[in-house]
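Residue numbers (my numbering): 18 to 108. Beta carbons: idealized from backbone N, C-alpha and C, even for Gly. Since this is a predicted model, take the numbers as computed values, not measurements. Below is one structure, written out as structure tokens; the observations come after it.
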């Protein structure tokens, strides 16, 4: 007996649902977390160390990646291999 197609057979799980005629860019579809905002606000005041950033977010490297994915340029401009201290700033 042949199987009948499901009414969901044409449904694509990966298709983004947006209003007709509206195209959203990738960064616009996702908001920054509170931790990302806190790190961004701190970096706007000037360079910060990894020690300072880890006080704002334990996984600060992931939050820096999130900021970069949103188009915010962050660089590690100084590393001290003996102490493990890294300095970050907005570019």
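Taking every protein chain shown into account, the CB of residue 53 has 16 or more other CB atoms within 10 angstroms, so this residue is buried. Between residue 56 and residue 102, the C-beta spacing is not below 8 Å. A distance below 8 Å separates the beta carbons of residue 105 and residue 91. Separation of residue 67 and residue 49 (C-alpha to C-alpha, rounded to the nearest whole angstrom) is 20 Å.
Burial is judged here by how many other beta carbons sit within 10 angstroms of a residue's own beta carbon; residue 47 has fewer than 16 and is exposed.
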